[in-house]
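Colleague: Residue numbers for the sequence shown follow my numbering, beginning at 48 and rising by one.
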Amino acid sequence: MKKVRLPASLEVMGKGAFDGSGLREVRIPGGVKKISSEAFFSCEHLKKVILEEGVEEIDSGAFWANRRLSVVKLPRSLRRIGPSSFLVTGLRKVTIPENVEEIGAGAFDAADPKKATLKRVVIRSKKIRKWGKGIFDEARRDLVIEVPASKEKEYRKVLKKKGLPKYVKIVGKRALD
Numbered sequence: 048m049k050k051v052r053l054p055a056s057l058e059v060m061g062k063g064a065f066d067g068s069g070l071r072e073v074r075i076p077g078g079v080k081k082i083s084s085e086a087f088f089s090c091e092h093l094k095k096v097i098l099e100e101g102v103e104e105i106d107s108g109a110f111w112a113n114r115r116l117s118v119v120k121l122p123r124s125l126r127r128i129g130p131s132s133f134l135v136t137g138l139r140k141v142t143i144p145e146n147v148e149e150i151g152a153g154a155f156d157a158a159d160p161k162k163a164t165l166k167r168v169v170i171r172s173k174k175i176r177k178w179g180k181g182i183f184d185e186a187r188r189d190l191v192i193e194v195p196a197s198k199e200k201e202y203r204k205v206l207k208k209k210g211l212p213k214y215v216k217i218v219g220k221r222a223l224d
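(1) Report the start-end ranges of each alpha helix (DSSP H) in the stretch 157 to 200 that is 4 residues or longer and not cut off at the edges.
(2) For V96, I'd like the list of residues in its chain whose CB is within less than 6 angstroms of its CB, leaving aside the five on either flank, ordered along the chain.
(3) Taking buried to mean at least 16 other C-beta atoms within 10 Å of its own C-beta, is D106 buried or exposed?
(4) Excluding five sequence neighbours on each side, which residues of the same chain lie with their C-beta closer than 6 angstroms to the C-beta of L223?
(5) Candidates A64, S68 and K62: which alpha carbon is nearest K49's?
(6) Take P122 and list the residues in its own chain whose beta-carbon comes closer than 8 angstroms to its own, dropping the five residues that flank it on each side.
(7) With H, G and I counted as helix, E and B as strand and the rest as coil, what does DSSP make of V147?
(8) DSSP state of L93, grouped into three classes?
(9) For chain C, check one thing: does any of its Cβ atoms lie closer than 7 angstroms to the Cβ of E58?
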């Protein structure tokens with residue numbers, strides 16, 4: 048199975064639903080409010096994930112160990128990114144939408160700096176109140192995190208406190224305010 052078309056009426060994405068499958072691309076309908084833990088764990092061929100408007104939560108390890116995952120589109124409705132959600136993926140860029148309130152521990156951890164791919168993170172949310180430890184552990188040396196200019200000082204402080212590597216650059220952007 049390389050591609051799956053999930054019905055718009057789908058409401059639950061169960062734990063381990065596609066664990067280890069041969070999926071290459073998936074679009075998750077907005078009726079699914081929560082993507083359960085390890086729903087797409089170790090899908091070796093998964094390259095593209097689109098979450099439609101309506102999805103609110105990504106549970107722990109949902110997309111863990113998908114080294115080929117290079118494209119993920121997160122909806123404005125997203126409120127929570129759970130621990131290890133995108134641990135060990137091939138993402139090069141990710142945009143965290145404006146309504147995200149929580150990012151769990153190790154959410155974008157590369158696990159091995161020699162295999163880290165994430166080069167740019169754009170945080171649009173000014174609502175993040177809960178930050179896990181090591182969100183960007185083992186990051187590339189050239190990782191840049193863009194944040195709203197009005198939140199630069201606060202986000203820099205909390206990310207450093209939560210273990211952001213010293214070499215990661217945080218940039219405040221007025222365009223994100």
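In this text, a Cβ means the ideal position worked out from N, Cα and C, and glycines have one as well. Note that the structure is predicted; figures quoted are calculated from it, not measured.
Modeller: Looking at the atomic coordinates:
(1) none
(2) Along the sequence shown, one-based indexing puts residue 96 at 49. If we look at V96 and ignore the five residues flanking it on each side, its Cβ neighbours are V73 and V119.
(3) Residue mapping note: residue 106 aligns to position 59 of the sequence shown, counting from 1. Residue burial annotation: D106 is buried, with at least 16 other C-beta atoms found within 10 angstroms of its C-beta.
(4) Locating residue 223 in the sequence shown gives position 176, where the first residue counts as 1. If you ignore the 5 residues before and after L223, its C-beta comes within less than 6 angstroms of the C-beta of R171 and P195, all in its own chain and listed in chain order.
(5) As a working mapping, residue 49 is identified with position 2 in the sequence shown. Closest option to K49, Cα to Cα, is S68.
(6) Translated into the one-based positions of the sequence shown, residue 122 becomes position 75. Closer than 8 angstroms at Cβ, skipping near neighbours: G77, L98, E99, E100, G101, V102 and P144.
(7) Within the sequence shown, the letter at position 100 stands for residue 147. It is coil, neither helix nor strand.
(8) Working through the sequence shown from its first residue, we reach residue 93 at position 46. In the structure shown, L93 sits in coil (DSSP, three-state: anything other than H, G, I, E or B).
(9) Going by chain labels, chain C is absent from the structure shown, which holds only one protein chain.
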